[in-house]
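What the sequence shown shows, in this note's numbering, is residues 2 to 108, in sequence order.
The C-beta atom is built at its ideal place from N, Cα and C for all residues, glycine as well.
Computed from a predicted structure; not experimentally measured.
In what follows, a single structure is set out as structure tokens and then discussed.
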Amino acid sequence: MLTLQILIAFLLVGASLFWGNIKSIIGAESLEMHRKWAKEYGGTFIYMGLLGAPRLYMTDIKALNHILVTSPEKYPKPETVRRGQADVIGESQAPVSFRFARSFLSD
């Protein structure tokens, strides 16, 4: 069922099969498309990345707190995100980012 919903969303927003919605995002001012979509579809929606990879966008603070702070082990990051994070902050520093997020979001 989720696959059908993603396909419908993909077709409705006019994403291309290769670029997804990336061209719309790149061609807009900073976060302009995200704000437009959030206004149109609500604070939690899926848009398409390269090759139709679904990307989740979420502005709900309670949901973000649950995912990032309360239960991060239940919502693992995709491998590409983990590799990118390791490139930036180092493999051994990844748990530190969770502790920082936990302290930041719980205040």
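So what's residue i in DSSP terms, helix, strand or just coil?
| i | result |
| --- | --- |
| L32 | coil |
Could you round the C-beta distance between residue i and residue j to whole angstroms and report it? I think they count as a contact, below 8 angstroms.
| i | j | result |
| --- | --- | --- |
| R56 | I62 | Not quite, the Cβ-Cβ distance comes to about 19 angstroms (not below 8 angstroms), so this is no contact. |
| G50 | L18 | That pair is no contact at about 12 angstroms. |
| A16 | N22 | 5 angstroms |
| A39 | T60 | 6 angstroms |
Residue i: beta carbon under 6 angstroms from a heavy atom of the ligand HEM?
| i | result |
| --- | --- |
| E80 | Among the ligands in the structure shown, none appear at all, so the ligand HEM cannot be discussed. |
How is the alpha helix (DSSP H) around residue i delimited, first residue to last?
| i | result |
| --- | --- |
| S25 | I23 to I27 |
For residue i, decide whether its Cβ has a neighbour in chain B, counting only Cβ atoms nearer than 7 angstroms.
| i | result |
| --- | --- |
| G28 | Protein chain content of the structure displayed is limited to a single chain, and chain B is not contained in it. |
Starting from the C-beta of residue i, find all residues in its chain whose C-beta is less than 7 angstroms away, skip the five residues before and the five after it, and write them out in chain order.
| i | result |
| --- | --- |
| K75 | none |
Legend entry - Residue ranges of each beta strand (DSSP E) within the region 48-92, 3 or longer: 55-59
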